[in-house]
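Per my numbering, the very first residue in the sequence shown carries number 380; after that it's consecutive.
The beta-carbon is built from N, C-alpha and C at its ideal position, and this holds for glycine as well.
Structure first, then comments.
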Amino acid sequence: MLGIFKRFKERVVVITGAGSGIGRATALAFAREGARLHLVDIHRGRVEEAAAEARLSGPEAHAHVVDVRDAEAVERLAAEVYARHARVDVLINNAGVGHGALVHETTLDDWRWVLDVNLWGVIHGIHAFVPRLIDQGGDAHIVNTASLAGLVGVPSMAPYTASKFAVVGLSESLGAELAPHGIRVTAICPGVIATDIVRSGRIEGAVGERKRAVMDFYKKLGIPPERVARDIVRAVRSGAPLATTLGASYPLLMLRRLSPRLYRTTARLALGRIIGADRT
């Protein structure tokens, strides 16, 4: 069946946000499968280290320094990859940033920053690569990294939640549209993951005052990014339109589905514990 791969040897895989966290773990997972990698990140040192590590277990890994907010830069990336290989088998739009703040303490610059990376970064990847995927005759797979926050509204994370809900909906729409071309689309929705997204993100205002506690929470309950990488590989193999890696976050999704009212109450109480009940 088109767009479903059982083996990845010699397949060309492009991964954005590959310098750390889920992206880096996914790069190493595909390297072990024998894929030819094009790794993309805004941080030169990180992506070059990731590519060097991937080459220890895989046949080929190229590092590209690209800001996914820049549509022209992503277009140049696509042209460079196709000039080398003439096709792409798996595109993983993974680059993302974290943000935490109460909405009245969130600036418009924060909104633009989160949406520019988390949503427009995905859109730029789609815009640059999808026409080429169609022209190559399909037989490809797109993975867009969303989040549990793309399935469940999370208080104190309005911009992040908005960006991830958009990625889930975009992926569903894209999957239906591209299926006739033999191109499958997966939205991957991890829960709490043990990465540096909190430390490197913008955590501000009342939530920022408890940033250390939030970081400890992610460290204590977070799922290793390697587990998400494994699930991404499995999703591409199976052609799943939606994949989750939730761990301790699973009850939140179930509660939201079974009782939205109770979920809202629980979310409000949880927020109160983070920032202080007198500030909710």
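Between the alpha carbons of residue i and residue j, how many angstroms are there, rounded?
| i | j | result |
| --- | --- | --- |
| P569 | A541 | 16 Å |
| V471 | I513 | Just to set this straight, residue 471 is Ile in the shown sequence, not Val. Answer to the nearest angstrom: the Cα atoms are 16 Å apart. |
| H464 | W499 | 26 Å |
| L456 | S638 | 45 Å |
| F384 | F544 | 27 Å |
| T395 | A474 | 5 Å |
| P559 | E484 | 45 Å |
| A528 | D420 | 23 Å |
| P438 | Y539 | 36 Å |
| T405 | V482 | 32 Å |
| R491 | N497 | 10 Å |
| A429 | I401 | 12 Å |
| G584 | A480 | 6 Å |
| Q515 | I521 | 14 Å |
| I654 | D489 | Reliability fails at I654, whose pLDDT of 46 lies under 50, so the model's placement of it is uncertain and no value is given. |
| I502 | V546 | 9 Å |
| D518 | V393 | 15 Å |
| A431 | E605 | 18 Å |
| T624 | I567 | 8 Å |
| H422 | R640 | 42 Å |
| V444 | A462 | 17 Å |
| E454 | E427 | 20 Å |
| P603 | S436 | 20 Å |
| G477 | R581 | 6 Å |
| G554 | F387 | 21 Å |
| S617 | A440 | 24 Å |
| V533 | N523 | 20 Å |
| A414 | M536 | 35 Å |
| S399 | R425 | 7 Å |
| H417 | A442 | 6 Å |
| D495 | P510 | 22 Å |
| G548 | A525 | 10 Å |
| E389 | G601 | 32 Å |
| R636 | T486 | 31 Å |
| I562 | D610 | 19 Å |
| R466 | D446 | 22 Å |
| V493 | A622 | 22 Å |
Can you give the beta carbon distance from residue i to residue j, rounded, assuming they're within the 8 Å contact cut?
| i | j | result |
| --- | --- | --- |
| A608 | A408 | 4 Å |
| V571 | D468 | With a Cβ gap of about 30 Å, V571 and D468 do not count as contacting. |
| E551 | P620 | 7 Å |
| R403 | A397 | 6 Å |
| T565 | V615 | 7 Å |
| E459 | V612 | Not really, about 25 Å apart at Cβ, beyond 8 Å. |
Answer yes or no: the CB of residue i versus the heavy atoms of the ligand FAD, is any distance below 6 Å?
| i | result |
| --- | --- |
| S617 | This structure simply doesn't include the ligand FAD, nor any ligand for that matter. |
What residue range does the alpha helix (DSSP H) around residue i cover?
| i | result |
| --- | --- |
| E556 | 537-557 |
| I611 | 604-617 |
| R411 | 400-411 |
| E432 | 423-434 |
The beta strand (DSSP E) with residue i in it runs from where to where?
| i | result |
| --- | --- |
| R415 | 415-420 |
| E439 | 439-444 |
| A397 | Taken as a continuous stretch (DSSP letters only), A397 belongs to no beta strand (DSSP E), as it is neither H nor E. |
| R710 | Any property of residue 710 remains undetermined from this structure, which presents the chain solely from 380 to 659. |
| A528 | Segment: none, A528 is in no beta strand (DSSP E) and carries neither H nor E. |
| L621 | 621-624 |
Three-pair Cβ contact test at 8 Å for the segment 502-516 versus the segment 446-454:
With the cut-off at 8 Å, the segment 502-516 and the segment 446-454 touch.
Contained beta strand (DSSP E) runs [length at least 3] in the segment 462-504, N- to C-terminal order:
Counting only runs of 3 or more, we get 469-472.
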